[in-house]
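Participant: Each residue of the sequence shown is one higher than the one before, starting from 26 at the first, in my numbering. Let me give you the structure first, and then I'll get to my questions.
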Amino acid sequence: MIYLQLFLAFIQIGFFSFGGGLAALPLIEKVVVENHHWLGNGEFIELVTISELSPGPIGINSATFTGFKVGGIFGSFIATIAFCLPSVLLVYLVFHFIFYYKKNIFVKKFLLGLRPSVIALMSIAGFSIAEKGISDWFSVVVGIVIFIFIYRKKTDPILLLFLAGISGLVWYRG
26 MIYLQLFLAF
36 IQIGFFSFGG
46 GLAALPLIEK
56 VVVENHHWLG
66 NGEFIELVTI
76 SELSPGPIGI
86 NSATFTGFKV
96 GGIFGSFIAT
106 IAFCLPSVLL
116 VYLVFHFIFY
126 YKKNIFVKKF
136 LLGLRPSVIA
146 LMSIAGFSIA
156 EKGISDWFSV
166 VVGIVIFIFI
176 YRKKTDPILL
186 LFLAGISGLV
196 WYRG
């Protein structure tokens, strides 16, 4: 029964999460934390952190890790396939549609209209994670410093994540 629930939950997320993995995070959080209670808020933040640190897209990693926690290896397989299946189908259909109608002014305007909604979904994901993941002033400082280094200096995010983890070990040592 849990495998069917995982499949239905992640195929739904896959169909309605436009804009990539970050845009999918609010939907994953709603389904996984609020609807099914498979993870708590703290566990969801840890899931996002692990998904970001792991190779591959954050949305797929989140589905895989959730599936593993809920249903073991087979659960991770089911959640991952269910999350990816809508994208594969939609990309196939959209590719054929856009390929034939790419010069159509209505198609161009429609695609331009989608951009702000994708930005909004990504912003919601960021604010939701920040709201639950920033617990003290040290977290705020680390977040701001990393933002500046990535945005201004184009520093490697993996290096900064590693350094942030080390700083957390030092700061929260007690």
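Ideal Cβ placement from N, Cα and C applies to all residues, glycine included.
1. Within 10 angstroms of its Cβ, does Glu54 collect 16 or more other Cβ (buried), or is it exposed?
2. Starting from Phe43, follow the alpha helix (DSSP H) in both directions and report where the run begins and ends.
3. What is the DSSP secondary structure of Arg177, counted as helix, strand or coil?
4. Quick check on the burial criterion: 16 or more other C-beta atoms within 10 angstroms. Buried or exposed for Leu47?
5. Starting from Lys94 and walking both ways along the alpha helix (DSSP H), at which residues does that stretch end?
6. Could you tell me which of Gly67, Lys127 and Leu185 sits nearest to Ile171, measuring between CA atoms?
7. Just verifying my parser: in three-state terms, what is the DSSP assignment at Gly65?
8. For Leu29, count neighbouring C-beta atoms within 10 Å of its own C-beta (all shown protein chains included) and say buried if the count is 16 or more, exposed if not.
9. How is the alpha helix (DSSP H) around Val58 delimited, first residue to last?
10. Comparing alpha-carbon positions, which option in Ile36, Phe174 and Gly96 lies nearest Ile85?
11. With the cut-off set at 8 Å, would you say Phe93 and Ser101 are in Cβ contact?
12. Just the C-alpha distance for Val167 and Phe124, rounded to the nearest angstrom, thanks.
13. Along the alpha helix (DSSP H) that carries Ile149, what are the first and last residues, could you check?
14. Considering Pro182, what are the terminal residues of the alpha helix (DSSP H) in which it resides?
15. Look up Ser76 in the DSSP assignment and say whether it is helix, strand or coil.
16. Quick check: Leu31 and Ile98, are their CB atoms within less than 8 Å of each other?
Facilitator: From the atom records:
1. buried
2. From DSSP, Phe43 is part of no alpha helix (DSSP H); its letter is neither H nor E.
3. coil
4. buried
5. Ile83 to Tyr126
6. Leu185
7. coil
8. exposed
9. Neither: Val58 is in no alpha helix (DSSP H) and is coded neither H nor E.
10. Ile36
11. yes
12. 45 Å
13. Ile130 to Gly158
14. Pro182 to Trp196
15. helix
16. no
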